[in-house]
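Enquirer: Encoded as structure tokens, here's the structure I'll be asking about.
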Amino acid sequence: MSNAHRSTDWRRRQTKVVRNDLVIALAQAANRQEVDILPPVLNNILKPDIDSDSDTDISISCDQDMQSPVESVSEKMTNNDENQTSSTFESIILSEKESNETICSIDIATALIALKSRHHLSNNCVGDILVLLKLLGVDVPSSYKALCTLLRKRSDLHLSPSTHTICPHCKKLSVEKHKCTACDANYSPIPSTKIPLFYTYDISRQLKAILATSKDLVLHNNRSFITLTMNIGGIQPNKGSDQSIWPVLLIINEINRKKRYSPKNSIIAGMWPGPSKPSRTTISLLFKNIVADLQELEKGHLFKLYSLEHDNHFETIKVFLICACCDKPAQCLIQCLPDPIAFFGCGNCEIEGVSVPTKNDGSVVSFAIYENNPNACERTNERYDLLQQE
């Protein structure tokens with residue numbers, strides 16, 4: 476069998492699976508006098524990998540083409556596979572409680588996006604399904620573009636950043652882009668591109684979304700707290716570019732290690748958009764709001780946890796940031812330390828270091844410890860507070 480013949484057979488089999496799913500879904504809707512795509516349906520069809528290419532076109536031919544002799548042979552060859560991979564909608568049993576629930580357009584939009592990803596439907600195909608549902612009297616968006624807009628507006632996971640600027644006059648934070656809310660000074664005639672700007676995000680809101688949906692959270696010994704690991708570092712948007720952005724990310728340590736670092740389980744605490752590396756003063760102002768949010772989470776908040784036994788399982792959980800994983804340049808920024816190649820550049824103690832000449836008429840700083848030298852003071856929170864008072 477040629478490759479073209481196999482490709483045609485595959486497309487027709489996929490088309491038949493999509494058609495069967497739609498027929499079963501519409502049949503269930505007709506029996507209930509409404510189109511109800513309930514949360515169990517969403518959970519079931521969201522199992523496939525959403526990251527797969529969703530813009531692959533699948534040609535849907537007419538009924539005569541669907542019943543061609545070529546497809547008849549293909550159906551016989553793949554009969555066993557189709558029996559094993561039954562339609563998603565066939566395994567759904569709606570309880571009496573669920574049958575009385577009203578499903579809004581956002582649920583139907585989510586189901587269509589999952590169906591698009593599962594069967595690699597094109598945007599035009601999803602648009603045709605929306606037109607069909609409109610003709611059947613279902614409250615759905617009018618087009619695929621409107622469907623995506625609805626999901627962006629209504630999604631609980633959609634991040635709404637808070638914008639902050641640094642006043643060029645008083646060097647304090649401002650929540651407005653063109654005026655300082657601290658000293659009441661206008662930024663004009665300074666160009667807006669010269670005003671330092673960064674974003675912070677609601678950590679608590681992202682935590683609630685992750686804890687309510689994550690199946691991989693493990694709380695040992697009924698502990699009522701979770702821990703976080705922070706990471707900050709510069710990312711170049713293009714290879715060889717001098718520009719960089721600096722995101723502040725948080726990871727929940729109690730999530731299974733294989734799923735811990737996936738994008739859906741990552742928390743964006745803040746973002747320095749660049750275009751250059753931030754200064755120590757800028758980073759300290761960026762972390763001012765992040766630290767305040769983390770201190771509030773340490774007091775304990777009521778979170779909904781994912782549970783198979785209970786629909787509404789809530790627990791009061793305290794959240795603690797216990798460590799940070801950064802490279803040396805990022806560590807110097809967030810701890811306000813000298814560069815690692817400078818004097819007093821050690822992040823653990825206050826040893827001064829010694830300049831050592833190199834072969835190429837240069838020099839490097841060495842932090843070698845000699846027996847006759849006194850022990851250097853360790854860098855601790857108490858030592859930092861003492862130096863701040865002096």
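Counted the way our numbering counts, the sequence shown spans residues 476 to 865. Glycine included, C-beta positions come from ideal geometry on N, C-alpha and C. Note that the structure is predicted; figures quoted are calculated from it, not measured.
So what does DSSP say about LYS662, is it helix, strand or coil?
Expert: Here residue 662 is Tyr; the residue named in the question, Lys, does not match the sequence. In this structure, TYR662 counts as coil in the three-state DSSP scheme.
Enquirer: Which ranges does the alpha helix (DSSP H) cover as unbroken runs of at least 4 residues, wholly within the region 667-743, from first to last along the chain?
Expert: Runs of the alpha helix (DSSP H) spanning 4 or more residues and lying entirely within the region 667-743 occur at 678-688 and 732-735, in chain order.
Enquirer: Taking the DSSP output, what are the residues bridged to CYS824?
Expert: Answer is GLU853.
Enquirer: By how many angstroms is the C-alpha of VAL613 removed from the C-alpha of ASP582?
Expert: 12 Å
Enquirer: Would DSSP call VAL492 helix, strand or coil?
Expert: helix
Enquirer: Decide if GLN770 is buried, meaning its Cβ has at least 16 other Cβ atoms within 10 Å, or exposed.
Expert: It is exposed - the Cβ of GLN770 has fewer than 16 other Cβ atoms within 10 Å.
Enquirer: With distances taken Cα to Cα, identify the nearest neighbour of VAL492 among ILE588, ILE578, ARG593 and HIS644.
Expert: VAL492 has its Cα closest to that of ARG593, out of ILE588, ILE578, ARG593 and HIS644.
Enquirer: First and last residue of the beta strand (DSSP E) that includes ILE792?
Expert: 788-799
Enquirer: How close, in whole Å, do the beta carbons of ILE720 and GLY749 come, if the pair is a contact with beta carbons under 8 Å?
Expert: 5 Å
Enquirer: Mapping DSSP to helix, strand and coil, what is GLN542?
Expert: The predicted position of GLN542 is uncertain, since its pLDDT is 41 and thus under 50; a value taken from the coordinates is nonetheless stated next. Looking at GLN542 - three-state DSSP - the assignment turns out to be coil, as it is neither helix nor strand.
Enquirer: Between GLN711 and TRP747, what straight-line distance do the alpha-carbon atoms span, to the nearest angstrom?
Expert: 12 Å
Enquirer: How should ARG627 be labelled, buried or exposed, when 16 other C-beta atoms within 10 angstroms of its C-beta is the threshold for buried?
Expert: exposed
Enquirer: If you run the structure through DSSP and keep just helix, strand and coil, what is HIS594?
Expert: helix
Enquirer: For the region 748-767 and the region 655-665, state whether three or more C-beta atom pairs, one from each stretch, are separated by less than 8 Å.
Expert: Between the region 748-767 and the region 655-665, the count of C-beta pairs closer than 8 Å stays below three; the two stretches do not touch.
Enquirer: Look at the Cβ atom of PRO616, then the Cβ atom of LEU610, and state whether they are nearer than 8 Å.
Expert: no
Enquirer: Which residues does DSSP pair with THR640 in a beta bridge?
Expert: As a beta-bridge residue in DSSP terms, THR640 pairs with SER649 and LEU672.
Enquirer: Report buried or exposed for ARG698, applying the criterion of at least 16 other Cβ atoms within 10 angstroms of its Cβ.
Expert: exposed
Enquirer: Use the C-beta contact count for LYS690: other C-beta atoms within 10 angstroms, 16 or more gives buried, fewer gives exposed.
Expert: Answer is exposed; the Cβ neighbour count stays below 16.
Enquirer: If contacts are defined as beta-carbon pairs under 8 Å, then CYS801 and ILE809 qualify, I think. What distance do you get, rounded to the angstrom?
Expert: Your pair CYS801 and ILE809 checks out as a contact, with CB atoms roughly 7 Å apart and the cut at 8 Å.
Enquirer: Measure the C-alpha to C-alpha separation of ILE816 and GLU825 and round it to an integer number of angstroms.
Expert: 14 Å
Enquirer: According to DSSP, what are the bridge partners of SER841?
Expert: VAL829
Enquirer: Select from LEU761, PHE819 and ALA684 the residue whose C-alpha is nearest the C-alpha of ILE707.
Expert: LEU761
Enquirer: Out of PHE795, VAL693 and ALA767, point me to the one whose CA is closest to GLU773's CA.
Expert: PHE795
Enquirer: Can you list, in chain order, the residues of its chain whose CB lies under 7 Å from that of SER782, leaving out five sequence neighbours each side?
Expert: HIS788
Enquirer: If you draw a straight line from the C-alpha of LEU608 to the C-alpha of ASP768, how long is it?
Expert: Straight through space, the alpha carbons of ASP768 and LEU608 are spaced by roughly 44 Å.
Enquirer: By how many angstroms is the C-alpha of LEU724 removed from the C-alpha of VAL516?
Expert: Low confidence applies to VAL516: its pLDDT is 40, below 50, so where it sits in the model is not reliable, and the reading given next is rough at best. Each residue's Cα considered, the two are about 32 Å apart.
Enquirer: Apart from the five residues just before and just after ARG667, which ones in its own chain have a Cβ nearer than 8 Å to its Cβ?
Expert: Residue identity check: residue 667 is Ser in the sequence provided, not Arg. Within the same chain, SER667 has close Cβ partners LYS652 and HIS653.
Enquirer: Can you give me the start and stop residues for the beta strand (DSSP E) that PHE819 sits inside?
Expert: Run containing PHE819: none; DSSP gives neither H nor E here.
Enquirer: Please report the straight-line C-alpha distance between PHE842 and PHE819, rounded to a whole angstrom.
Expert: 9 Å
Enquirer: Going by DSSP in three states, LEU783 sits in which element: helix, strand or coil?
Expert: coil
Enquirer: Figure out for me which residue from ASP717, LEU590, SER741 and THR833 has the closest Cα to the Cα of LEU703.
Expert: Considering only alpha carbons, the answer is SER741.
Enquirer: DSSP has PHE778 in a bridge; who is on the other side?
Expert: GLU790
Enquirer: Suppose you measure from the CA of GLU595 to the CA of GLN489; what does that come to, to the nearest Å?
Expert: According to the sequence displayed, residue 595 carries His and not Glu. Cα to Cα, HIS595 sits roughly 9 Å from GLN489.
Enquirer: Could you have a look at GLY749 and say whether DSSP puts it in helix, strand or coil?
Expert: coil
Enquirer: Could you check where the alpha helix (DSSP H) with LEU772 kicks off and where it finishes?
Expert: 755-772
Enquirer: Going by DSSP, what residues sit across from LYS654 in a beta bridge?
Expert: ASN661
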